[in-house]
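Peer 1:
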Amino acid sequence: MSRNGYGHMVLDDIVGRLREMRQDRQQRLARIRTRKQAQVYQQRVRRAIRQACGPTPAKTPLNAQVTGTIERRHYRVEKVLYESRPGCLVSAHLYVPKGLQDKAPAVLATCGHSDIGKLEPLYQGFCQRLVRAGFVVLIIDPFNQGERDQYHHLQDRSAVANCCHAHNMMGKQLELVGDWFGMWRAWDGIRGLDYLLSRPEVDGTRVGLTGNSGGGTVTTWLWAMEPRFTMAAPSCFVTTFLANLENEIPADTEQYPPGVLGAGLEMADFIIAGGPKPVMLLGQRYCFFDRRGLREAYDEVRHVYDALRAPAEHTDLFLGPNPHGFSVHNQQAMVQFFAAHAGTPVTTLRRTDVLDSNSGNVTPQGNTLAAGATPIYTLIGQRANELRETRKSLTKTRLVAAIGVALHLPQRPGISHYRVLRGSSIASQPVARYAIETERRIRAILHKPMAQRAHIHTLDVEPRLSLFLPHVAADLALEQGEPASLVRRKDPLYLLDPRGLGESRPDETGDFFHPYGMDYMFHGHELLFGGSYLGQRVHDVLCTIDLLLAEGAKKIDLHGRGQGTLLAAFAALLHDGVTSVTLQNAPLSYHAMTQSPLVAWPVAGFPRGVLSHFDLPDIYKALGRRLALVQPWDAMMRPLRGAKLRRALADAGLPARLVSTR
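Residues are numbered in the numbering used here as their position in the sequence shown, beginning at 1, plus a constant of 103.
1) Quick check: the Cα distance between residue 328 and residue 278, rounded to an integer number of angstroms?
2) Using a 10 Å radius around the Cβ and a threshold of 16 neighbouring Cβ atoms, would you call residue 767 buried or exposed?
3) Bridge partners of residue 421, per DSSP?
4) Helix, strand or coil for residue 461, going by three-state DSSP, please let me know.
5) What is the DSSP secondary structure of residue 607, reduced to helix, strand or coil?
6) Looking at the structure shown, is residue 104 part of a helix, part of a strand, or coil, going by DSSP?
7) Under the rule that 16 or more other beta-carbon atoms within 10 Å means buried, what is residue 189, buried or exposed?
8) Tell me residue 600's beta-bridge partners as DSSP assigns them.
9) Based on the DSSP output, what are the partners of residue 191 in its beta bridges?
10) Given this structure, state the Cα-to-Cα distance separating residue 464 from residue 250, to the nearest angstrom.
11) CA-CA distance, residue 362 and residue 439?
12) Within the region 326 to 365, note down every full beta strand (DSSP E) run reaching 3 residues or more, in order along the chain.
13) Keeping to the same chain, check which residues put their C-beta closer than 7 Å to that of residue 165; ignore five residues upstream and five downstream.
14) Taking the alpha-carbon positions, what's the residue 145 to residue 195 distance?
15) Take residue 389 and list the residues in its own chain whose beta-carbon comes closer than 7 Å to its own, dropping the five residues that flank it on each side.
16) In chain order, what residues of the same chain have a beta carbon less than 7 Å from the beta carbon of residue 160, not counting five sequence neighbours either side?
17) Is residue 366 closer than 9 Å to residue 155 when the C-beta atoms are compared?
18) Going by DSSP, what residue range makes up the alpha helix (DSSP H) through residue 433?
19) Counting along the chain, where does the beta strand (DSSP E) carrying residue 542 start and finish?
20) Is residue 697 helix, strand or coil when you go by DSSP?
21) For residue 207, which of helix, strand or coil comes out of DSSP?
22) Any Cβ of chain D within less than 9 Å of the Cβ of residue 487?
23) Going by the beta-carbon positions, is the gap between residue 529 and residue 643 smaller than 9 Å?
24) With C-beta atoms as the reference, is residue 420 less than 9 Å away from residue 395?
25) Looking at C-beta atoms only, is the number of pairs between the region 539 to 554 and the region 600 to 610 that lie closer than 8 Å three or more?
26) Let me confirm a value: residue 460 is counted as buried when at least 16 other C-beta atoms fall within 10 Å, else exposed. Which label applies?
27) Three or more C-beta pairs closer than 8 Å, one from the region 614 to 626 and one from the region 496 to 506: is that the case here?
28) Count the other C-beta atoms from every protein chain shown that fall within 10 angstroms of the C-beta of residue 400, then say buried if there are 16 or more, exposed otherwise.
29) Report the three-state DSSP secondary structure of residue 748 (helix, strand or coil).
30) Could you pull out every residue in the same chain whose Cβ sits closer than 8 Å to the Cβ of residue 104, ignoring the five residues on either side in sequence?
31) On the premise that residue 482 lies in contact with residue 252, defined as a C-beta separation below 8 Å, what is that separation, rounded to the nearest angstrom?
32) Buried or exposed, going by whether 16 or more other CB atoms sit within 10 Å of the CB of residue 309?
33) Starting from residue 174 and walking both ways along the beta strand (DSSP E), at which residues does that stretch end?
34) Consult DSSP for residue 373 and reduce its assignment to one of helix, strand or coil.
35) Which term fits residue 333, buried or exposed, when burial requires 16 or more other beta carbons within 10 angstroms of its beta carbon?
36) For the alpha helix (DSSP H) holding residue 473, just list the boundary residues, first then last.
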């Protein structure tokens, strides 16, 4: 069993930083008293949100078509297919009331994380309640839900077994090209709104927006970025970023808008951005999205709406009696709120008429890829190819500068203070332990196997040494004898656990590489801050090298395995004190991870937007003769051998002499 006595260290550090940010934000909110002050605050919030969401793609023809119609007594359901971006088909249902005399109000409905998307009975239920209240409703399938399975043609789908895991797979590949999956989700909604407003039945001055859970997420983002919506009701999503973090609730990849915490924003600001238009916040008493955070968010929204002189009825809060979900109570509250602001009567609906896939599918085979859509991973690969074609070659000096920017490297503290911890024993060998203080609340744990137990109470650094960066944990690497194949026997050996690895791994029973593990969550929160979790780990390595040199080292041979290879490669290029670097089981390029449908490497090793500036081969080439690669891994963290290795090296533009198969 691996030791992880510092398992809450990273979590507590992020919590502390977030609390400090929120304290500043709450002081700004408290100073808002006038309409002008509220409008200035809104403008600041909107700028930050635009920055987080990034530039929107160009609007291209929707090429919308209705593939069928289902007639019901009071309404009809049209089966709609449109193209949100070239090659990206969106399947949807349009609910249209019968007997319309004038243009009707409309609602864009966004699905939560149900594998069957728009056919989820609860989602059909709220659409039917809205259409019976006189609304035209468009409900769209998200990626990998309903008819939009992006991995339809793959035989092994275990890595994307459900829509949430699939979203995180798409999200981490998008990070490499500088995109955010939340924007892709929102863009489907924006183009859905374009289609909705093109319909002759729709009154564009009365357009609502609602969804639950993941649909509540998209509702919240769209409300902030799309001014054509006139009312909104997100359900079972809005709380606070702090509540999710403190409660150890990992969010979905689309729920980490880059940079918003760094800009001083909380979830409520996405609602405030749309003010003073009518908005209702919906939650559930037993929802994992903390109801305390929901009430806090509502109070903040109401405070700014009051300053904007919005009528009291322009905000409302409803807490259903159930666990997470768009229960009938929440549906009815939403419909009544929308009807009051759209001026339509509400018809009580006791029973809903549920469609199944046989009658409800928009496409012939129930899959948009089979209908001719391009998978999202292909679109990502195409974008990566474009970036590679236009990316300029960098000198070593400019490459080092680009890495510093991509990794958001903090200023190093000079020579870090270290603590001598209690020693341990691994495989019957004494091991000294040191806690290196690389930042205010962060300790990198350095291990040193010792010949004599009496020497574990001091740090005595030899002139030449080997520093090993493990795949997951230093003690596991020692137990399994991993350094033996890389490190020269006569060299003193040190092993380092940067933050979140080894002794500071979160204390959780699940797989470290789980798509919703704590490692993923920490990476997501660094994105929220506009930083880089990978960069923070590289910072820990650089601080450790500084310390070893200050304590007497003259030559440091750096070794990395798996995840540790990324840290070692960056640190070796950034620090002149590294004599040589050996990487075992390293990826050959980030680009290769955009050319595969599935990627096993954890997202915590991905610098956001890296392929706009450089790739791993640039680093490997800049390291020159200092570098040796041993048994490289592919995108699925499997060994590359034979012809596959030769092709991968050629694609990365790397010479075969760099690679050893020992």
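We treat Cβ as the ideally placed atom computed from N, Cα and C, and that holds for glycine. In this text the structure is predicted, and so the values were computed from the model without any measurement.
Peer 2: Reading from the atomic positions:
1) 21 Å
2) With the chain covering only 104 through 765, there is no way to say anything about residue 767.
3) In DSSP, residue 421 forms a bridge with 385.
4) helix
5) helix
6) Caution applies to residue 104, whose pLDDT of 48 falls short of 50 and renders its modelled position unreliable; the model cannot decide the point.
7) Under this definition residue 189 is an exposed residue.
8) 548
9) 188
10) 7 Å
11) 36 Å
12) 334 to 338
13) 185, 186, 294, 297, 298
14) 33 Å
15) Hits under 7 Å: 425, 426.
16) If we look at residue 160 and ignore the five residues flanking it on each side, its Cβ neighbours are 188, 290.
17) yes
18) 431 to 445
19) Unbroken beta strand (DSSP E) run through residue 542: 532 to 542.
20) Correct three-state label for residue 697: helix.
21) strand
22) The question asks about chain D, but that chain is absent: this structure has only one protein chain.
23) no
24) At a Cβ-Cβ threshold of 9 Å, residue 420 and residue 395 do not count as neighbours.
25) yes
26) exposed
27) no
28) buried
29) helix
30) A caution first: residue 104 carries a pLDDT of 48, below 50, which makes its placement in the model unreliable, though a value can still be read off. Cβ neighbours of residue 104 beyond the five flanking positions: none.
31) Wrong, their Cβ atoms sit about 15 Å apart, outside the cutoff.
32) buried
33) That run of the beta strand (DSSP E) goes 168 to 174.
34) helix
35) buried
36) That residue, residue 473, is in no alpha helix (DSSP H); it is neither H nor E in DSSP.
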